[in-house]
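Numbering (the working numbering), first residue to last: 1155 to 1272. Ideal Cβ positions, reconstructed from N, Cα and C, are used throughout, including at glycine. Small disclaimer: the values here were computed from a predicted structure and weren't measured.
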């Protein structure tokens, strides 16, 4: 039962790394990695704004996921480890959904600001 918590923690860290890279513009708008919402993918500035806004939710979710995954590695009961692994997955999914809502709103705000500046 050691594999699931390790994979869950690794995925959480990868999600954060991708979000950071997208927020910095290192990963440009694409259809493979990053938050792929229509509003976020409009242009480079909405892409970066959306990911910058989503980053706190992703960091909190990934941090909690890693803690729960590490706890799953040290508990003596395999049933408890399974529940913790499921919990870590739910935390990561939940924080990603929240990050999507936040990114959408930030991208829309950025788009309105761009249009007002024109």
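| Asked | Found |
| --- | --- |
| Could you check where the alpha helix (DSSP H) with residue 1243 kicks off and where it finishes? | 1232 to 1271 |
| Residue 1248 to residue 1215, Cα distance in whole Å? | 8 Å |
| Over what stretch of residues does the alpha helix (DSSP H) that includes residue 1169 continue unbroken? | 1157 to 1178 |
| Could you say which of 1217, 1239 and 1219 lies nearest to residue 1226 if we only look at CA atoms? | 1239 |
| Among residues of its own chain, excluding the 5 on either side of residue 1222, which ones have a beta-carbon nearer than 7 Å to its beta-carbon? | 1238, 1241, 1242 and 1245 |
| Leaving aside the five residues before and after residue 1198 along the sequence, list all residues of the same chain whose C-beta is less than 8 Å from its C-beta, in chain order. | 1179, 1182 and 1183 |
| Could you spell out the range, first to last residue, of the alpha helix (DSSP H) harbouring residue 1199? | 1198 to 1228 |
| Below 7 Å CB to CB, which residues in the same chain sit around residue 1173 once its five sequence neighbours on both sides are set aside? | 1205, 1208, 1209 and 1212 |
| Just the Cα atoms here: how many angstroms apart are residue 1191 and residue 1160? | 28 Å |
| Tell me which same chain residues have a C-beta within less than 7 Å of the C-beta of residue 1170, skipping the five on either side of it? | 1212, 1213 and 1216 |
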